[in-house]
Amino acid sequence: MYKKICSKYEPTKDNLIHILHEIQDTHPQHYISDEAVEEVSKYLNLPTNHIYGVLTFYSMYSTTPRGKNIIRLCESPPCYIKGSENILRKLKVLLGVETGETSKDGLFTLELSACLGVCGNAPVMMINEDVYGDLTEEKVEEIIEKYRRAQ
Amino acid sequence: MKYYRSHVLVSINDTSINAGVKDFIQALRAELAKTGLQEEINVLETGPLGFFGRGICLTVYPENINYQDLKTEDIPELVNEHFLKGRPVPRLMLDSDSKFSPKLNYDQRVVLRNSGIIDPENIDEYIGVGGYEAWEKALTQMQPMEIVEEVKASGLRGRGGAGFPAGIKWSFSAPLEAEQKYVVVNAHDGEPGSFKDRLIKEGDPHQLLEGTMICARAVGATKAWIYIRGEYKLCIQRLEKAIAQAREYGILGKNIFDSGFDLDIEIKIGAGAYVCGEETALIESLEGNRGNPRWKPPFPGVEGLWRKPTVVNNVETLANVPFIIQNGADAYRKFGTPECSGTKVYTILGDVAHPGLCEVDMGTTLRTIINDYAGGMKKGFRFKAALVGGAAGVILSERHLDVKMDFASLNQYAAVLGSGAILVMNEHQSIVDILWSILRFFRHESCGKCAPCRNGCQQLYKLINKIKKGNGTMDDVEVMLTVAEMMQATSFCALGQSPIMGIRSAIENFKDEFIAITKK
Numbered sequence: 000m001y002k003k004i005c006s007k008y009e010p011t012k013d014n015l016i017h018i019l020h021e022i023q024d025t026h027p028q029h030y031i032s033d034e035a036v037e038e039v040s041k042y043l044n045l046p047t048n049h050i051y052g053v054l055t056f057y058s059m060y061s062t063t064p065r066g067k068n069i070i071r072l073c074e075s076p077p078c079y080i081k082g083s084e085n086i087l088r089k090l091k092v093l094l095g096v097e098t099g100e101t102s103k104d105g106l107f108t109l110e111l112s113a114c115l116g117v118c119g120n121a122p123v124m125m126i127n128e129d130v131y132g133d134l135t136e137e138k139v140e141e142i143i144e145k146y147r148r149a150q
Numbered sequence: 000m001k002y003y004r005s006h007v008l009v010s011i012n013d014t015s016i017n018a019g020v021k022d023f024i025q026a027l028r029a030e031l032a033k034t035g036l037q038e039e040i041n042v043l044e045t046g047p048l049g050f051f052g053r054g055i056c057l058t059v060y061p062e063n064i065n066y067q068d069l070k071t072e073d074i075p076e077l078v079n080e081h082f083l084k085g086r087p088v089p090r091l092m093l094d095s096d097s098k099f100s101p102k103l104n105y106d107q108r109v110v111l112r113n114s115g116i117i118d119p120e121n122i123d124e125y126i127g128v129g130g131y132e133a134w135e136k137a138l139t140q141m142q143p144m145e146i147v148e149e150v151k152a153s154g155l156r157g158r159g160g161a162g163f164p165a166g167i168k169w170s171f172s173a174p175l176e177a178e179q180k181y182v183v184v185n186a187h188d189g190e191p192g193s194f195k196d197r198l199i200k201e202g203d204p205h206q207l208l209e210g211t212m213i214c215a216r217a218v219g220a221t222k223a224w225i226y227i228r229g230e231y232k233l234c235i236q237r238l239e240k241a242i243a244q245a246r247e248y249g250i251l252g253k254n255i256f257d258s259g260f261d262l263d264i265e266i267k268i269g270a271g272a273y274v275c276g277e278e279t280a281l282i283e284s285l286e287g288n289r290g291n292p293r294w295k296p297p298f299p300g301v302e303g304l305w306r307k308p309t310v311v312n313n314v315e316t317l318a319n320v321p322f323i324i325q326n327g328a329d330a331y332r333k334f335g336t337p338e339c340s341g342t343k344v345y346t347i348l349g350d351v352a353h354p355g356l357c358e359v360d361m362g363t364t365l366r367t368i369i370n371d372y373a374g375g376m377k378k379g380f381r382f383k384a385a386l387v388g389g390a391a392g393v394i395l396s397e398r399h400l401d402v403k404m405d406f407a408s409l410n411q412y413a414a415v416l417g418s419g420a421i422l423v424m425n426e427h428q429s430i431v432d433i434l435w436s437i438l439r440f441f442r443h444e445s446c447g448k449c450a451p452c453r454n455g456c457q458q459l460y461k462l463i464n465k466i467k468k469g470n471g472t473m474d475d476v477e478v479m480l481t482v483a484e485m486m487q488a489t490s491f492c493a494l495g496q497s498p499i500m501g502i503r504s505a506i507e508n509f510k511d512e513f514i515a516i517t518k519k
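If you read the protein sequences in the order shown, they are chains A and B.
So in numbering that gives the first Met the number 0, spot 93 of the first sequence is number 92, and the numbers just go up one at a time.
So in numbering that gives the first Met the number 0, spot 161 of the second sequence is number 160, and the numbers just go up one at a time.
Printed below as a string of structure tokens:
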């Protein structure tokens, strides 16, 4: 599977970030495994430590398995002054997790993120690729419920 | 061309897509057809409208009435009342009390002149408003050095942060002999509260491409890269589409317009690191490395991407270029002040009545921006402070409301103008709290390459945490200043040099608050 993804790109180092994105996006647990790192290392002819270096530098990558849905709540100043801390508290209670953890049912991983660039609708979170703005505690509850029902 | 009685502009963005804007538009068109209005009312899918409403938003021209948070159920009422009987529906309007609508200064816009008017996904609409004429002119009627001279004469300064004159930057790379040169578009847009570049790309992607092309021609680059944050999916899709359309039309590719000039543009995406907005860190990231900044000199203009001469420009900077080439430097200098020509794009957020996007002359005061373009303060709130320029920005107080916003007048505070983020705070917000949020951000985003920034950001966060909890003293406040000053003097890149801006301005402008909280 990893080989197939790699082969879509030219084997040059500048494609590393794109390859890692695709591997992570297509993995059901949204992470990059040791096995994937080995494959990419062979394909790009790069030492694995370079790949780990890149993986751990950028906040969008994960080296540990994550839930089916990744929640990324913005904690930057514009969302902060609009009460993102309350939203975070609510999410923690709803999901029964701390920041960075995955819920027991494996449905959600809760993460914090720097500015998502939707500050006009602060506070904001992303679930996977979808942006949810103007959050209130009630709205968060509805959104989480929607994802649970979609199960 | 068909004439319509009214145009309905629907904003397609992340928030509205989520609220089901595509189904909404279909239902709206169906309803218009049902009432026989489809020949009279034109529904257009477009980019940012200039205000950030909730959910699905639209503007109706020529009445200039804005609606927000529309649901499919509202369509019959909207069509029947507004479009059929000509009676706008206050219940659904952006602001039914004051009838506020953002000031639309299209005749005074450069960067956003098409934004919200044309369909950004259709190259024909861009060409229809004069798009790519400047590119043709640059390619067939001008020598590369003439382009550089024109941009120099326009006085265009970089809109990324530091405000370095763009023409001078280009003039470093243009005369160099090299087998390959590059143009890199810095579309990282990571400054918290600033997302003007995203809105420029989403509203009018072709104008950015055109500016990039002209820059490439001026410096002799045959390859350009656009570096975008991985989080901006819609933006990436729109630009990919725009590039594909330009290639199809032969505006990009080999031997463009029979000039013998070849150019291709590609998109590279990031993976979440604030420091990658710094030009050398961005180049590292483009090459597939950790985004650690490089030592300067050599500057990227001489040795950049893969050690080749590389011009790195911000999105807004390049989006200004087609206008300059098309209309000349003199026309451009009519905007702004004598020292700082042109316009500036801002995103206004926080406790204003209507958060929004605007483009105004350089030198427009904060007061004008807040009152005319954001409808003043939110009802019942007073202005206390504004964080201008994002996390690397400054906290301005009431006495700065009438200071001209340009690189020259803001002098010591000027470095922050670029990112164009204005976050307005009301009298109940705590300055210590906002500073805490800023310093937490820096602690997270320091790349760790150099000791002053790596350790300094940690220490600053510890100190502000202590102060915020009420356990700090005025000595701690002084230490914060000393640490941040040391970081400014010794950090490797602009990231570590930035926390001083917020800290110093917060303490200078709101000293009472620090005194009060440390006395507890």
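Built from N, CA and C at the ideal position, the CB exists for glycine as well.
Selection B:Pro-299, B:Ile-116, B:Gln-37 and B:Thr-472 evaluated against Thr-279 of chain B yields B:Pro-299 as nearest (Cα-Cα).
Your pair Gly-202 of chain B and Gly-303 of chain B does not check out as a contact, with CB atoms roughly 29 Å apart and the cut at 8 Å. The beta-carbon distance between Leu-72 of chain A and Leu-90 of chain A, rounded to whole angstroms, is 7 Å. This is short enough to meet the 8 Å contact definition.
The residue among B:Asn-288, B:Cys-214 and B:Gln-428 with its C-alpha nearest the C-alpha of Gly-52 of chain A is B:Asn-288.
DSSP, reduced to helix, strand and coil, places Thr-336 of chain B outside both helices and strands of the structure shown, so it counts as coil. At a cut-off of 8 Å between beta carbons, Lys-91 of chain A makes no contact with chain B. The alpha-carbon of Val-20 of chain B is positioned some 35 Å away from that of Gly-392 of chain B. Classified as buried, Trp-224 of chain B has 16 or more neighbouring CB atoms from the shown chains inside 10 Å of its CB. Relative to the Cα of Leu-459 of chain B, the nearest Cα in the group B:Met-500, B:Asn-425, B:Lys-448 and B:Glu-512 belongs to B:Met-500. In chain A, no part has a C-beta under 8 Å from the C-beta of Glu-302 of chain B; the shortest such distance is about 17 Å.
Phe-406 of chain B sits in coil when the DSSP states are folded into three classes, being neither helix nor strand. The DSSP assignment places complete alpha helix (DSSP H) segments of no fewer than 4 residues inside the segment 10 to 84 of chain A at 15 to 25, 33 to 43, 47 to 56 and 76 to 79, in order along the chain. A Cβ-Cβ distance of about 7 Å is found for the pair Val-130 of chain A and Leu-115 of chain A, placing them in contact under the 8 Å criterion. In chain order, Val-344, Thr-346 and Gly-419 place their CB closer than 6 Å to the CB of Lys-195 of chain B, counting only its own chain and leaving out the 5 sequence neighbours on each side.
Among the residues of the segment 82 to 108 of chain A, none has a Cβ less than 8 Å away from any Cβ of chain B. Taking a contact as a CB-CB distance under 8 Å, the pair Cys-452 of chain B and Met-479 of chain B does not count as one, their CB atoms being some 15 Å apart. Secondary structure of Val-311 of chain B (DSSP, three-state): strand. A direct Cα-to-Cα measurement between Pro-174 of chain B and Glu-149 of chain B gives close to 16 Å.
Phe-509 of chain B and His-399 of chain B have their C-alpha atoms spaced approximately 13 Å apart. Under the DSSP assignment, Trp-224 of chain B falls in the beta strand (DSSP E) whose first and last residues are 222 to 227. For Gly-355 of chain B, the enclosing beta strand (DSSP E) has its first and last residue at 355 to 360. A Cβ of chain B is located within less than 8 Å of the beta carbon of Met-59 of chain A. For Phe-107 of chain A, the uninterrupted beta strand (DSSP E) segment begins and ends at 107 to 112. Under the three-state reduction of DSSP, Tyr-60 of chain B is assigned to strand. Taking 3 residues as the minimum length, the segment 438 to 477 of chain B contains no beta strand (DSSP E) run wholly inside it. Annotation for Leu-395 of chain B: the continuous beta strand (DSSP E) segment containing it runs 393 to 396. By the neighbour-count criterion, in which 16 or more other beta carbons inside 10 Å mark a residue as buried, Val-351 of chain B falls on the buried side. A direct Cα-Cα distance of roughly 15 Å separates Ser-40 of chain A from His-20 of chain A.
Within the segment 416 to 436 of chain B, the residues whose Cβ lies closer than 7 Å to some Cβ of chain A are Leu-422, Met-424, Gln-428, Ile-433 and Ser-436, listed in chain order. Residues of the segment 221 to 232 of chain B with a Cβ closer than 8 Å to any Cβ of chain A, in chain order: Arg-228, Gly-229, Glu-230, Tyr-231 and Lys-232. At a cut-off of 8 Å between beta carbons, Ile-74 of chain B makes no contact with chain A. Of all residues in the segment 128 to 148 of chain A, the ones placed with a Cβ closer than 9 Å to any Cβ belonging to chain B are Glu-128, Asp-129, Val-130, Tyr-131, Gly-132 and Asp-133, in chain order.
The C-alpha of Asn-104 of chain B is placed about 28 Å away from the C-alpha of Ile-235 of chain B.
When rounded, the separation of the alpha-carbon atoms in Lys-307 of chain B and Ile-122 of chain B is 32 Å.
At a cut-off of 8 Å between beta-carbon atoms, Asn-254 of chain B makes no contact with chain A.
Residue ranges of uninterrupted alpha helix (DSSP H) with 4 or more members, entirely inside the segment 228 to 255 of chain B and ordered along the chain, are 232 to 247.
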